[in-house]
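Letter 32 of the sequence shown, counting from 1, is numbered 1391 in our numbering, and no numbers are missing.
Where a beta carbon is used, it is the ideal one built from N, C-alpha and C, also for glycine.
In this text the structure is predicted, and so the values were computed from the model without any measurement.
Read the structure below first, then the notes.
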Amino acid sequence: MSTAGAPNPTLHSFVAFDTETTGLSPVHDRIVELAAVAFRRDGSEIAVFERLVNPGIPIPPEMTKIHGISDEMVALEPALERILPEFMEFSRDAVMVAHNAPYDVSMLLVPLLGMRDRSGVVPPENLVLDTCSLAKSTFPGAPSYRLQKVAHMLGVRHEQAHRALSDVRACKEIFLKILDACGPAITLEDLVKRNGSELHFGATREMLDRLPGGARQAALLREALRTASDVLIRYQGGSKGPGPRRVTPITLQAQAGALLLVAHCHLDRSIKNFRLDHVLEI
């Protein structure tokens, strides 16, 4: 990471990415489209990645109404297991950018971790910035920070909402607007602070070494993060009380000195953040 106040050369290499899916759960749903654009700080595109994906399960009609992708469109397309290594190579060494980034990271990481032992593909540790969080801190007071709303607010063209490549290009332009609003001296460290948390595509070794709760609990959590396997936790805080809940660990996130577990909560069927110093037991 850079020294604050000095221009950071890594601000010249980014990959904006987006997924379209069969639903909102990284555990129960699947990706049907994956797109990304590699670009420089000046906005020029380096390369484009766009793939339809056969999810291996039916696409619910209500999701087809949103993104327009049908079972027939993906029937002859490759499975995600064949596409993920290409995407990892495409994104190598770049700072990754997405709108509502924890969701898209989770949709990619859960299947990637599931195929890790078979394929040998290891999740990269790319830093991921969230244009939703960055827009909130850079342009406060907006009534909504959904992608379409932010694009409209900033005068960004968004011609085909809920198709991956169109959403990616809107995300890219929003990110460039944020960088322009921050000024030419903005650094990667500054952006992480504005983002409100530090998220990497895969949990970093430094984060794994900081896991609290004793050797046994840390070992259980490391293994669950390695394989995206379910664990039962008791958690202090939240509306559900401290009773046991089943979660699927996905990755780690650092926020204001605390480590957060990004996980799929089976009770709520959604992605949630759990402060690890509030986890009473695993």
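What residues in its chain sit with their C-beta under 6 Å from that of residue i, if we drop five residues either side in the sequence?
i       : result
Gln1614 : Ser1556
Val1374 : Ala1395, Ala1397, Ser1450, Ala1453, Met1455
Met1360 : Per-residue confidence for Met1360 stands at a pLDDT of 31, beneath the threshold of 50, marking its modelled position as unreliable; the derived number appears in the next sentence. Once the five neighbours on either side are set aside, the close Cβ partners of Met1360 are Leu1547, Glu1548.
Pro1414 : Thr1381, Arg1389, Val1391
Phe1409 : Strictly speaking, residue 1409 in this sequence is Glu, with Phe absent from that position. Same-chain partners within the cutoff: Ala1394, Leu1524.
Arg1553 : Leu1493, Ser1496
Leu1591 : Pro1603, Arg1605
Leu1635 : Pro1571, Leu1618, Leu1620
Thr1378 : Ile1390, Leu1393, Asp1463, Met1466
Leu1443 : Leu1471
Ala1540 : Thr1497
Val1407 : Val1396
Lys1536 : Leu1513
Val1654 : It is not possible to answer for residue 1654, since the shown part of the chain is limited to 1360 through 1641.
Tyr1504 : Cys1491, Ala1494, Lys1495
Thr1362 : Summary for Thr1362: the model assigns pLDDT 29, below 50, so the residue's position carries little reliability; its value from the coordinates is reported in the next sentence. Nothing listed; no residue qualifies.
If contacts are defined as beta-carbon pairs under 8 Å, then residue i and residue j qualify, I think. What distance do you get, rounded to the angstrom?
i       : j       : result
Val1433 : Val1391 : 6 Å
Phe1560 : Glu1484 : 7 Å
Pro1385 : Met1466 : 5 Å
His1517 : Ile1425 : About 15 Å separates the two Cβ atoms, so there is no contact after all.
Ala1457 : Val1487 : 7 Å
Asp1627 : Thr1607 : Rounded, the Cβ-Cβ distance is 12 Å, inconsistent with contact.
Leu1538 : Gln1612 : Not quite, the Cβ-Cβ distance comes to about 22 Å (not below 8 Å), so this is no contact.
Beta-carbon within less than 7 Å of residue i's beta-carbon, same chain only, minus the 5 sequence neighbours each way: which residues are those?
i       : result
Tyr1594 : Pro1601, Arg1604, Phe1633, His1637, Val1638, Leu1639
Glu1532 : Val1515
Ile1416 : Thr1381, Arg1389
Gln1507 : His1517, Ala1520
Ala1577 : Leu1570
Asp1430 : Pro1417, Ile1418
Glu1436 : Leu1411, Val1412, Asn1413
Glu1421 : none
Leu1579 : Val1590, Ile1641
Ala1365 : Caution applies to Ala1365, whose pLDDT of 32 falls short of 50 and renders its modelled position unreliable; the value that the coordinates give is listed next. Answer for Ala1365: Thr1546, listed in chain order.
Thr1423 : Ser1429
Thr1369 : In this prediction, Thr1369 has a pLDDT of 47, which is less than 50 and means its spatial position is unreliable; nothing more can be read from the coordinates.
Among the options, which has the Cα closest to the Cα of residue i?
i       : options                            : result
Glu1565 : Lys1552, Gly1573, Arg1581, Val1551 : Arg1581
Thr1490 : Phe1534, Gly1561, Gly1616          : Phe1534
Ala1460 : Ser1492, Leu1618, Glu1436          : Ser1492
Leu1584 : Ile1416, Leu1472, Gly1402          : Leu1472
Tyr1462 : Ser1429, Ala1574, Thr1610          : Thr1610
Phe1376 : Leu1591, Thr1563, Ala1529          : Ala1529
Asp1526 : Ala1540, Leu1538, Val1509          : Val1509
Ala1438 : Val1412, Pro1499, Pro1419          : Val1412
Arg1477 : Glu1448, Arg1441, Met1512          : Arg1441
Ile1405 : Ser1429, Ser1372, Phe1498, Glu1421 : Ser1372
Pro1543 : Leu1443, Thr1378, Asp1401          : Asp1401
Ile1418 : Val1407, Glu1448, Leu1443, His1387 : His1387
Ala1562 : Ala1622, Tyr1504, His1511          : Ala1622
Pro1482 : Glu1448, Tyr1504, Arg1505, Ser1503 : Glu1448
Gly1596 : Tyr1504, Ile1545, Lys1631, Arg1399 : Lys1631
Grab me the residues of residue i's own chain with a C-beta within less than 8 Å of its C-beta, minus the 5 sequence neighbours each way, in chain order.
i       : result
His1646 : For residue 1646 there is no data in the structure shown, the boundaries of the chain being 1360 and 1641.
Thr1586 : Leu1472, Gly1473, Arg1475, Asp1476
Met1512 : Phe1498, Ala1501
Ser1629 : Leu1383, Ser1384, His1623
Ala1574 : none
Arg1399 : His1371, Ser1372, Phe1373, Ile1405
Gly1427 : His1521, Arg1522
- [ ] Return the chain-ordered ranges of every alpha helix (DSSP H) run that is complete within the segment 1502–1556 and spans a minimum of 4 residues.
- [x] Along the length of the segment 1502–1556, whole alpha helix (DSSP H) runs at least 4 residues long occupy 1506–1513, 1523–1541, 1547–1554, reported in chain order.
TODO: Note down, one range per segment and in chain order, each alpha helix (DSSP H) of at least 4 residues found wholly within the segment 1392–1473.
DONE: For the segment 1392–1473, whole alpha helix (DSSP H) runs of length 4 or above, ordered along the chain, are 1420–1426, 1430–1433, 1439–1449, 1460–1473.
Open item on the list: Tell me whether the segment 1614–1632 and the segment 1566–1581 touch, counting them as touching only if at least three CB pairs, one residue from each stretch, are closer than 8 Å.
Closed with: Segments in contact, yes.
Task: Length-filtered (4 minimum) alpha helix (DSSP H) runs lying within the segment 1550–1624 - done: Runs found: 1564–1568, 1573–1586.
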